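Residue numbers (my numbering): 23 to 327.
What follows is one structure encoded as structure tokens, with my remarks underneath.
Here it is as structure tokens:
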């Protein structure tokens with residue numbers, strides 16, 4: 023029953039959104055966000071729980087409301103941008119996205135690199151911006167909605183040459199891409215079970231399941247890991263800003279390197295919490311043997327395969 027609604031929504035979005043000006047695009051994203059904020063009780067509850075974990079008693083009710091409202095508006099901007107960039111993609115990406123010069127210089131000097139980011143700012147546009155500036159990229163995508171919907175979204179994301187592989191079985195093509203001189207882009211702030219290649223990593227002082235893949239690839243292939251993120255600007259554009267560059271070191275293990283990457287994420291998110299996808303259950307599982315009171319109310323006992 024959901025599929026006809028999905029395709030109807032996508033058809034309308036592809037027919038209407040690409041013709042909008044950047045100003046009207048911003049207005050549409052605010053309208054979508056405000057409607058979503060009004061009705062998404064579950065998402066708001068998760069966002070409040072995450073902010074409470076991240077900031078504790080420093081998070082006042084007023085600040086909480088402001089951050090959550092801006093977080094919803096940021097997520098809506100990401101959504102409408104996917105459809106807006108389906109037309110004149112390269113031209114629009116080059117016009118809409120600017121790099122802090124050091125980020126592009128570092129990426130080109132370290133190429134092929136393992137680039138990492140989080141669902142922060144406009145995570146969808148990061149790899150496209152690299153491709154538009156002449157840096158070949160391969161990214162990983164998880165299934166969203168039905169298989170047909172996932173295929174449609176992949177088509178929209180790969181318009182200008184970004185190569186996308188499904189998350190299931192992605193390791194081999196990622197290794198091949200790096201060996202052939204192609205950088206890869208990974209988002210690693212979603213929960214990853216131990217049997218999926220994750221590890222319990224401290225994130226805002228609480229263990230979270232985070233993928234070891236970027237660190238493991240960096241150590242296996244002796245490639246650097248570059249963390250960068252996109253800052254939403256008031257005029258509807260974005261700026262790619264530097265996070266940190268991590269170089270493989272002798273004796274370094276994947277868990278330690280992943281902990282350093284997570285700490286870099288945390289520093290940026292602490293400064294700009296409204297740019298992060300707050301309604302995601304980041305701490306959805308409680309590590310076996312841990313005190314459950316450390317975790318948000320939505321967390322459940324760790325799944326054992």
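Ideal Cβ placement from N, Cα and C applies to all residues, glycine included.
Computed from a predicted structure; not experimentally measured.
Whole-number beta carbon distance between residue j and residue i, since they are thought to touch under 8 angstroms
i, j, result
"residue 184", "residue 149", "5 angstroms"
"residue 284", "residue 306", "No, residue 284 and residue 306 are not in contact; Cβ-Cβ is about 16 angstroms, not under 8 angstroms."
"residue 196", "residue 186", "Actually they are not in contact, since the Cβ atoms of residue 196 and residue 186 sit about 12 angstroms apart, beyond 8 angstroms."
"residue 106", "residue 42", "7 angstroms"
"residue 287", "residue 279", "Between residue 279 and residue 287 the Cβ distance is about 13 angstroms, and since that is not below 8 angstroms, they are no contact."
"residue 164", "residue 132", "Their Cβ separation, rounded to whole angstroms, is 26 angstroms, which puts residue 164 and residue 132 out of contact at 8 angstroms."
"residue 253", "residue 143", "6 angstroms"
"residue 147", "residue 115", "7 angstroms"
"residue 71", "residue 318", "4 angstroms"
For residue i: DSSP bridge partner residues
i, result
"residue 323", "308"
"residue 209", "139"
"residue 119", "260"
"residue 55", "The partner list for residue 55 (beta bridge, DSSP) is empty, contrary to what the question assumes."
"residue 65", "Its beta-bridge partners do not exist; DSSP assigns none."
Residue i, DSSP secondary structure in three states
i, result
"residue 237", "helix"
"residue 253", "strand"
"residue 300", "coil"
"residue 232", "strand"
"residue 195", "helix"
"residue 78", "helix"
"residue 161", "strand"
"residue 226", "coil"
"residue 7", "Limits of the chain in this structure are 23 at one end and 327 at the other, which puts residue 7 out of reach."
Residue interval of the alpha helix (DSSP H) (run including residue i)
i, result
"residue 90", "83-106"
"residue 291", "276-293"
"residue 148", "148-154"
Residue range of the unbroken beta strand (DSSP E) whose run includes residue i
i, result
"residue 187", "185-188"
Does the region 239-259 come close enough to the region 173-188 that 3 or more CB-CB pairs lie under 8 angstroms? no
Tell me whether the region 57-75 and the region 116-128 touch, counting them as touching only if at least three CB pairs, one residue from each stretch, are closer than 8 angstroms. no
Evaluate contact between the region 209-218 and the region 258-268, counting only Cβ atoms and requiring at least three cross-stretch pairs below 8 angstroms. no
Evaluate contact between the region 233-240 and the region 93-113, counting only Cβ atoms and requiring at least three cross-stretch pairs below 8 angstroms. no
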